[in-house]
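Colleague:
Protein chains: 2
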Amino acid sequence: MTDRPASPARLAARMRAIEPFHAMDVLARAHALEAAGRSIVHMEVGEPDFETPRPVLERAARVTAKGSVPYTQALGLPALREAIARFYAERYHVEVAPERIVVTAGASGALLLAMGVLVNPGEEVLMADPCYPCNRQFIRVMGGEPRCLPVGPETRWQPTAELLGRHWGERTAAALVASPANPTGTMIDHAELGRIAALVEARGGVLVVDEIYHGLTYGLDARTALALSDRVFVVNSFSKYFDMTGWRLGWLVAPPEYVRELEKLQQNLFICPSTVAQQAALAAFEPATIDLLEGRRREFQARRDFLLPALRELGFGLPVVPEGAFYLYADCARFSSDSFAFALEILERAGVALTPGRDFGQHLPERHLRIAYTTSRPNLELAVERLRSFLASR
Amino acid sequence: MTDRPASPARLAARMRAIEPFHAMDVLARAHALEAAGRSIVHMEVGEPDFETPRPVLERAARVTAKGSVPYTQALGLPALREAIARFYAERYHVEVAPERIVVTAGASGALLLAMGVLVNPGEEVLMADPCYPCNRQFIRVMGGEPRCLPVGPETRWQPTAELLGRHWGERTAAALVASPANPTGTMIDHAELGRIAALVEARGGVLVVDEIYHGLTYGLDARTALALSDRVFVVNSFSKYFDMTGWRLGWLVAPPEYVRELEKLQQNLFICPSTVAQQAALAAFEPATIDLLEGRRREFQARRDFLLPALRELGFGLPVVPEGAFYLYADCARFSSDSFAFALEILERAGVALTPGRDFGQHLPERHLRIAYTTSRPNLELAVERLRSFLASR
Ligand SMILES: Cc1ncc(COP(=O)(O)O)c(C=O)c1O
Ligand SMILES: Cc1ncc(COP(=O)(O)O)c(C=O)c1O
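Chains as they are written, first to last, in the UniProt record's numbering: chain Z, 1 to 394; chain S, 1 to 394.
#1: Please confirm whether residue 134 of chain Z has its beta-carbon closer than 8 Å to some beta-carbon of chain S.
#2: Does the beta carbon of residue 239 of chain S fall short of 7 Å from some heavy atom of ligand 2?
#3: Give a yes or no on contact between the region 222-229 of chain S and the region 77-84 of chain S, applying the rule of three or more CB pairs nearer than 8 Å.
#4: Is it the case that the CB of residue 108 of chain Z approaches a heavy atom of ligand 1 more closely than 7 Å?
#5: Report the option in Z:304, Z:377, Z:216, Z:177 whose CA atom is closest to the CA atom of residue 125 of chain Z.
#6: At a cut of 8 Å, does the region 261-274 of chain S reach the region 344-355 of chain S through at least three beta carbon pairs?
#7: I want to see whether chain Z comes within less than 8 Å of residue 2 of chain S, judged by CB atoms only; does it?
#8: Give me, in chain order, the residues of the same chain whose beta-carbon lies closer than 6 Å to that of residue 190 of chain S; leave out the 5 immediate sequence neighbours on both sides.
#9: Tell me the start and end of each unbroken alpha helix (DSSP H) in the region 21-104 of chain S that is at least 4 residues and wholly inside, in chain order.
#10: Is any heavy atom of ligand 1 found at a distance shorter than 7 Å from the C-beta of residue 178 of chain Z?
#11: Identify each residue in the region 347-367 of chain S for which the Cβ-Cβ distance to at least one residue of chain Z is less than 7 Å, and report them in chain order.
#12: Please report the distance separating the alpha-carbon of residue 169 of chain Z from that of residue 192 of chain Z.
#13: Let's test the definition: count the other Cβ atoms within 10 Å of the Cβ of residue 368 of chain Z and tell me whether it reaches 16, buried, or not, exposed.
#14: What does a CB cutoff of less than 7 Å around residue 89 of chain S pick up in its chain, not counting 5 residues either side in sequence?
#15: Going along the region 226-248 of chain S in order, which residues come within less than 9 Å of chain Z, judged by CB to CB distance?
#16: With a threshold of 8 Å on Cβ separation, who are the neighbours of residue 427 of chain Z within its own chain once the five nearest residues in sequence on each side are excluded?
#17: Measure from the C-beta of residue 43 of chain Z to each C-beta in chain S and report whether the shortest distance is under 8 Å.
#18: Residue 51 of chain S touches chain Z at which residues, Cβ-Cβ below 9 Å?
#19: Using CA coordinates, which residue listed in Z:9, Z:339, Z:209 is at the minimum distance from residue 188 of chain Z?
#20: If you draw a straight line from the C-alpha of residue 350 of chain Z to the C-alpha of residue 41 of chain Z, how long is it?
#21: Helix, strand or coil for residue 343 of chain S, going by three-state DSSP, please let me know.
#22: Taking the beta strand (DSSP E) that residue 329 of chain S falls in, what are its first and last residues?
#23: Tell me where the alpha helix (DSSP H) around residue 390 of chain Z begins and ends.
#24: How far does the alpha helix (DSSP H) with residue 106 of chain S in it reach, from first residue to last?
#25: Check whether the Cβ atoms of residue 64 of chain S and residue 302 of chain Z lie closer than 8 Å to each other.
#26: DSSP state of residue 12 of chain Z, grouped into three classes?
#27: Does the distance between the C-beta of residue 101 of chain S and the nearest non-hydrogen atom of ligand 2 fall short of 7 Å?
#28: Kindly indicate which three-state DSSP category residue 354 of chain S falls into: helix, strand or coil?
#29: According to DSSP, is residue 324 of chain Z helix, strand or coil?
#30: Below 7 Å on C-beta distance, what does residue 266 of chain Z contact in chain S?
#31: The beta strand (DSSP E) that contains residue 147 of chain S, what's its start and end?
#32: Quick one: residues in its chain with C-beta nearer than 8 Å to the C-beta of residue 197 of chain Z, no 5 flanking neighbours on either side, listed in chain order?
#33: Have a look at residue 107 of chain Z and residue 253 of chain Z and give me their C-alpha separation to the nearest angstrom.
#34: With DSSP as the reference, label residue 199 of chain S as helix, strand or coil.
#35: Determine the chain S residues that contact residue 72 of chain Z at a beta-carbon separation under 8 Å, and present them in chain order.
#36: Which value, in whole angstroms, describes the spacing of the CA atoms of residue 248 of chain Z and residue 33 of chain Z?
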C-alpha cells in the first residue's frame, strides 16, 4: 500500500461535504520536524496539558482492579447522573433532575444524539462562523445543513439574538452556540443568551448550548443556560475542565420529553458510554478534585494574561479579551494574507505549531490563527521569543 | 417529573422508526422482582459473564497510574492497529495491513462509520431477519432503509447468496451479515460467504461482515471474510470474545481507499476511541490472555452442550445447533403464540429472564425467545429445573 489508493467505488454523498481537519497537516509536519530533531512548541493542541486528576485515576484503578466492566444503562450510571445533578446545584445553584441528564461519549456523543433527535434531512441549524469544526458534521450526518453566520470581534465572535432572528427561516430547526467558544474563547453575555433562548423558543426551534469550556473562565464564572430555560439542550464534557479527554465522557441535559428518544438513540448507536470512564468520573466532583482543577484554572488564566499582551505586542490583532477556554484567535493579516501558509512558515522557521483558521469556517479564516495556551508558561515564553525573532527576520 | 412528560415539540422523523429495546421491559421487571427479594436467573444478557482478562486490567492500571490520558489519533493507536494486524496473521493466516484497520468505539462505532461512508439517504441495506436490532438503526440514522429478509432454520437462520441476489435492487447499497449471528448463534458457511461476497461485488455493492462473535465458536474456528476478499468491510470488537463490553472498543477493516473517509468521519463524530481502552487492549492479544479466553470459550461450549438438549427435552424447538456466540433462538410455539407475554410469564412464575423475539425483527418473533447462556452452569441447571416445573404446572 505504498501507492495512493484509488477512490472508493461507492461512497455516500455526505462524505464530499465532510472535511478533514486541516490542522492535521500542520501536526503531521510538526511531528516530522520533531522526528528530525527539531524542537517544536505545540500551541495547536485543543486539549489541556494536565494529567487526569489523581482522585479520578485512583477511582479508575479501584474499578479495574475489581475486574467486572459490563455495559451500563444506556443513559449512564444512575450515580453519575445524580452526581452531575448535584454539580448543577452546587456550582450553579440550578436544579436539574438527574432524569434529564444523559451521559455520553464526550460532548461529541452528546452533539450527535442531540442532532439525531432534532434535525430532519433538509433542515438547517444556525451557528457562528468561526466555530468548532465538527459541529457542521453532526448536522450533515443527519442530512441537515449547517448555516454558518459570520461573526467577528464586534460581537465578541458570538451570534446575537438579532443575528439569529434575521437568519431564522422556514427550514431552521435549531441554533447551536458555544460559550466559551472554540476557537475564540469568548462567551455570550448571560442576558443575551436569555434573549437567544426566548427567540429560538418563539420561533418553534430548539437551542443547543455547548458548555464544554465551563470551568475554564477567567475572572468570572460561567452561568449555565439551564438557569434561563428548561427548554434548551445543554452539552458538556469531562474533557476540558476535568482534564479527561482520552476517557471519552460527557453529558447532555435535555427537556424531559426528549430523554426517552435520546435513550433509544444511545442504546442503538452506542449501547452505553465507557463504563470505566463513568466509574472514574464519579470522583470528578469530589472537593479534592475540584481544588486541583481550580488551581489549574488559575494557571490557564496566568497563561492567557501573559500570552495575550505578548502577542499583541508582536503585532497580532486581538481586539477582544476572551474570557475562557484556552485559545486566542489572532488576526495575522499584518503578516500574511494566507494563514495556512503562514502557519506552516512559522512552524518551519520558528518551531511553533499553530492552527490556521480554515478548519473553523469560511469567515476570514485566511487572516486568523488559533493559538492554544495548552502548554507551560516557559514554553509560552519560548514561543513568544521564537515568534519575535522570526517576525523580526522576515 | 413524576408525570409522564409531554411529547417533544420538535422531533426528527427518523425517531419514529427507531425502536427502543423491548427486552428492557423484561429487564426492568426482572430488577423489580429482584428488588422485592425474588431470585432471578438472568438469561437475557447479551454480554459475557466473565471479567475483563487480568493482563488487560493490569495494563489499564499501568496506563492510568501514569496519569496522561490524551486523545489519540482518530484511526486509533498505531501500536493497537499493528497488534490487530498481527492477530489476523496469527489466528487467521491472513495478511491485513495495519493501515486498513480503524479502531472504533465498539462494533457499534464501526457499524456507524461503515454505514456513514456507504449509505445514501433512500438507499437500502439487505440483512437477515431476525438480526441484531441496532443494525437497522445505523442505517436509518443515515437516511437509508434496512431491508430485512426473513430467514429460518432451513438456511440456519442465515441469508444465502441466492436470497440476497433475489432481493438486490436498484437502490441497494450494501448487504450486512453476521457470522456467528445474534440472536441465533449460527454461522455462514465459508464457501457460501465467498459466493455472497462475489455476488455483492458483481452487483456493485459492498458487503459488511460483522465478526463480533469470532473466537466464540464451538468445535470449529471461524474464518474471516478478509480471507475471501479485500473488498469487504469487516466489523469486530473487544466486547465478546475479549470480555471487554464496558470498555467500548472495537475495530473495522476496510478497503484502503475508504480509510481516509472513515478517518474524517471518526475525527468529526468521535474524535477518537477511548484512550484507556486502547492502551488496555494492547494486552488483549498476549499469549496469557488468549489462553484464558480459550478456557472461557470451552466453558461456553460446555454450557451450550448442556443447555441445548435440555431445552429440546422441555419442548422448545431448536432444529439447528448454533456453532457460536452465546445464544439459542428457541421456538416456543408449542407453549404460546405470544413470546413477549410468555417471557413475562416465565419471569414472574419461574424466575428466569429471557428475551422475546420482537427486538430482532418481524419474521416470526412471536414464536421465538432468545436464551443466552451468559451465566454459570449451576445457574443454567437451576433455570432448566425452574422451566421444567413451570411448564409442568401450566
Ligand atoms: C466546542 C467544542 N465542543 C465539543 C468538543 C468535543 O469534545 P469531547 O467530545 O472530547 O467532549 C470540543 C473539542 O475540542 C469543542 O472544542
Ligand atoms: C451482532 C452484534 N454486533 C454488534 C454489537 C455491538 O457490540 P459492541 O458495540 O459492544 O462491540 C453486538 C452487541 O451485542 C452484537 O450482538
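Virtual Cβ for every residue (Gly too), placed ideally from N, Cα, C. Quick caveat: nothing in here was measured; it's all calculated off a predicted structure.
Modeller: So, from the listed chains and residues:
#1: yes
#2: yes
#3: no
#4: yes
#5: Z:177
#6: no
#7: Its pLDDT being 45, under 50, residue 2 of chain S is placed unreliably in this model, and the coordinates cannot settle the point.
#8: 223
#9: 23-35, 54-66, 78-87
#10: yes
#11: none
#12: 20 Å
#13: buried
#14: 95
#15: 231, 239, 243, 244, 245, 246, 247, 248
#16: Limits of chain Z in this structure are 1 at one end and 394 at the other, which puts residue 427 of chain Z out of reach.
#17: no
#18: 66, 67, 68, 69
#19: Z:209
#20: 9 Å
#21: helix
#22: 327-331
#23: 377-392
#24: 106-118
#25: no
#26: coil
#27: no
#28: coil
#29: strand
#30: Result: empty, since nearest Cβ-Cβ is about 10 Å, beyond 7 Å.
#31: 145-150
#32: 207, 225, 228, 229, 231, 232
#33: 11 Å
#34: helix
#35: 246
#36: 29 Å
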